[in-house]
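Quick notes on the structure that follows.
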Amino acid sequence: MLLRVLLVLIQQCMRGLATRGLMPDKSNWAQPLDSPPFRAYPVTGGITFTFGGLRVDQNAQVLEK
(Lines of atoms letter the chains of each structure in order from A and count residues from 1; the text may use other names and numbers.)
(Lines give C-alpha, C1' and ligand atoms only; values in the text may rest on other atoms or scores of the structure.)
Protein backbone atom coordinates (compact mmCIF):
# COMPACT_ATOMS: atom_id res chain seq x y z
CA MET A 1 0.00 0.00 0.00
CA LEU A 2 2.69 2.50 1.03
CA LEU A 3 4.79 1.64 -2.02
CA ARG A 4 1.79 2.18 -4.30
CA VAL A 5 1.07 5.59 -2.74
CA LEU A 6 4.72 6.61 -3.05
CA LEU A 7 4.84 5.58 -6.71
CA VAL A 8 1.69 7.60 -7.48
CA LEU A 9 3.12 10.61 -5.64
CA ILE A 10 6.41 10.41 -7.55
CA GLN A 11 4.61 10.07 -10.88
CA GLN A 12 2.36 13.05 -10.13
CA CYS A 13 5.31 15.20 -9.05
CA MET A 14 7.11 14.37 -12.28
CA ARG A 15 4.03 15.38 -14.29
CA GLY A 16 3.60 18.57 -12.27
CA LEU A 17 0.39 17.36 -10.62
CA ALA A 18 1.85 17.32 -7.09
CA THR A 19 -0.50 15.48 -4.71
CA ARG A 20 -3.89 16.28 -6.23
CA GLY A 21 -6.25 13.37 -5.83
CA LEU A 22 -4.31 11.54 -3.12
CA MET A 23 -6.02 10.66 0.13
CA PRO A 24 -5.68 12.07 2.68
CA ASP A 25 -5.46 15.54 1.16
CA LYS A 26 -1.95 16.93 1.05
CA SER A 27 -0.22 20.10 -0.06
CA ASN A 28 -0.40 20.78 -3.78
CA TRP A 29 3.12 22.27 -3.71
CA ALA A 30 4.97 18.97 -3.40
CA GLN A 31 8.28 18.91 -5.24
CA PRO A 32 10.63 16.01 -5.90
CA LEU A 33 13.81 15.99 -3.82
CA ASP A 34 16.33 15.60 -6.63
CA SER A 35 18.98 18.29 -6.03
CA PRO A 36 21.79 17.69 -3.53
CA PRO A 37 23.02 18.35 -0.97
CA PHE A 38 20.77 15.98 0.94
CA ARG A 39 20.93 16.09 4.73
CA ALA A 40 19.47 13.88 7.43
CA TYR A 41 19.65 13.71 11.19
CA PRO A 42 18.26 11.30 13.77
CA VAL A 43 15.11 12.24 15.64
CA THR A 44 13.07 10.49 18.28
CA GLY A 45 9.63 10.88 19.75
CA GLY A 46 8.85 10.84 23.42
CA ILE A 47 6.56 11.88 26.21
CA THR A 48 8.34 15.14 26.85
CA PHE A 49 6.08 16.37 29.64
CA THR A 50 7.69 13.80 31.99
CA PHE A 51 11.11 13.63 30.31
CA GLY A 52 13.69 14.00 33.05
CA GLY A 53 10.94 14.29 35.64
CA LEU A 54 8.67 11.72 37.25
CA ARG A 55 9.40 8.02 36.79
CA VAL A 56 6.43 6.27 35.20
CA ASP A 57 5.54 2.73 34.20
CA GLN A 58 4.28 1.50 30.81
CA ASN A 59 0.81 2.84 31.72
CA ALA A 60 2.17 6.32 32.50
CA GLN A 61 1.48 5.84 36.24
CA VAL A 62 3.92 7.57 38.61
CA LEU A 63 6.19 5.02 40.33
CA GLU A 64 7.34 7.06 43.35
CA LYS A 65 6.01 10.00 45.33
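In the working numbering, the protein residues as written are 1 to 65. A virtual CB, placed ideally from N, CA and C, is assigned to each residue, including glycine.
With a threshold of 7 Å on Cβ separation, who are the neighbours of L54 within its own chain once the five nearest residues in sequence on each side are excluded? Correct list, in chain order: V62.
Which of the three DSSP states, helix, strand or coil, is assigned to V8? Reduced to three states, the DSSP call for V8 is helix.
Hey, would you say P36 sits closer than 8 Å to C13, going by beta carbons? Not closer than 8 Å, so no.
Bridge partners for V110 per DSSP, in chain order? Lying outside 1 to 65, the shown extent of the chain, residue 110 is not represented and no answer is given.
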